[in-house]
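Reviewing the structure listed below.
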Amino acid sequence: MIARAPALLSTLIGLMISSLTTALAGEDRPIERILEPRAITEQIHYFYGSLENRTQANLGMNNNVGFVITDEGVVLIDSGPSHHVAQRIEQAVADLTDQPITHVINLGSQDHRWLGNDYFLSQGAEILALERTAATQAEFARQHLDRLTDTLGAATMESTEPRPAPSPIASDHHAFELGGVRFEMIHAGDAHFPGDILLHLPDQGVVFSGDVVYTERMLGIHPWSNPVEQLKAFETMASWEPEVVVPGHGEATDLATAQQDTGDYLALLVRQVGEGLENWETLDEVVSRLADLPQFRHLRHYDDWHRMNINRTYLFMEASF
């Protein structure tokens, strides 16, 4: 196993250097650039997804996908948005190692996290997902496939078949070891989608957060999202004190930046909306009061998502008030 401290020290220096080029990341990047792997350590890598919406340039990969190289195979963290992109992910990994992809972990149920499952199953990989994640995948499968086909075109989505894990895990905490690397899959609360999970590599001090954490861009709250549990999941992750957080969207970073871009935002929303409900404020009054939060204006898509996030947090919390 690679020594943790020197590797992560180099990684954190690299993350600080790469942050100087964040402005370039704000532009949509084609799939060729997205599939240039970024190293966290010699074993741990990720593909840095576009910060923009799904486009024909990024082929729907506007999320991060990770992989861990071990002596017994590669563990892929999410499988991409399509059969075609899954093939390209496999090739990009093969350019770095001779080890095959033997396991694929699904951190969530949004399209780009699992619609490549079918391809990797056909290559002999085992799909690892919790039951609650797989159930949400099945629920949203047709909606997501239709939307991606409309956005990217039928040719791009050709051969893509939604395949949740054939044998999902009946637990909210699943630990396993492969090639001397320990992995912990943990559901600490629903988030962007029901069943979103965290992946903790405790010996390396690294967390792949899935959609529990966003950096650089504003997180999105949908009608099916749970901002209250997402905050709890974030707090659980923070209690592990990881040295590197690989978010669902945005550059890999330290815990302080994840706290700034996601933890603080969720905490403010949940607290302020809760106070508004206690004081009998209307939805419009709460949205108006919280509409301008300059401390979060640096986040890409702030203007697109922020007011909607307030609205949906209010409606979510009002339902159980």
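The sequence shown lines up with residues -25 to -1, 1 to 296 when you count with mature numbering (1 follows the signal peptide of the UniProt record, and there is no 0). We treat Cβ as the ideally placed atom computed from N, Cα and C, and that holds for glycine.
For Glu253, the closest alpha carbon among the candidates Val50, Ser295, Thr228 and His162 is that of Ser295. For Ile6, same chain residues with a beta-carbon under 8 Å away, outside a window of 5 residues either side, are Ala32, Asn33, Leu34, Met36, Val60 and Arg63 in chain order. Following the DSSP letters along the chain, one finds Thr124 inside the alpha helix (DSSP H) bounded by residues Glu106 to Leu127.
Judged by beta-carbon spacing, Ala213 lies beyond the 9 Å limit of Gly164, meaning their Cβ atoms are not closer than that value.
Look at Thr135 here: in three-state DSSP terms it is coil, with no helix or strand label.
Proximity of the segment 78 to 90 to the segment 164 to 179 meets the contact definition, three or more beta-carbon pairs being nearer than 8 Å. By the C-beta density criterion, Gln18 is buried, having at least 16 other C-beta atoms within 10 angstroms. Looking at the backbone, the Cα of Ile102 and that of Leu230 are separated by about 28 Å.
Exposure of Gln118 is indicated by the presence of fewer than 16 other C-beta atoms within 10 angstroms of its C-beta. For Ala104, the CB contacts under 6 Å within the same chain, skipping 5 residues up- and downstream, are Asn81, Ala140 and Pro143 in chain order. Of the other Cβ atoms in all chains shown, fewer than 16 fall within 10 Å of the Cβ of Thr257; this residue is therefore exposed. In the three-state scheme derived from DSSP, where H, G and I count as helix and E and B as strand, His58 is classed as helix.
Residue state for His276 is assigned as coil, using DSSP reduced to three classes. Comparing C-alpha distances from Glu216 to each of Thr228, Gly223 and Gln205 shows the shortest one belongs to Thr228. The beta-carbon separation of Leu194 and Val182, rounded to 16 Å, does not stay under the 8 Å limit for a contact. In the structure shown, Asp147 adopts coil according to DSSP, grouped into three states. Going by DSSP, Glu159 is part of no alpha helix (DSSP H) but of the beta strand (DSSP E) stretching over Val156 to Ile161. Beta-bridge partners assigned by DSSP to Leu103: Ile80.
Judged by their CB atoms, Glu136 and Thr190 are not nearer to each other than the 9 Å cut-off.
Contact between Pro12 and Gly48 fails: their C-beta atoms lie close to 17 Å from each other, not under 8 Å.
With a contact defined as Cβ atoms closer than 8 Å, Leu123 and Arg29 qualify at about 7 Å. A residue is called buried when at least 16 other Cβ atoms come within 10 angstroms of its Cβ; Ala145 does not meet this threshold and is exposed.
A straight line joining the alpha-carbon of Ser134 with that of Ala69 spans about 22 Å.
The C-alpha of Asp186 lies about 23 Å from the C-alpha of Glu293.
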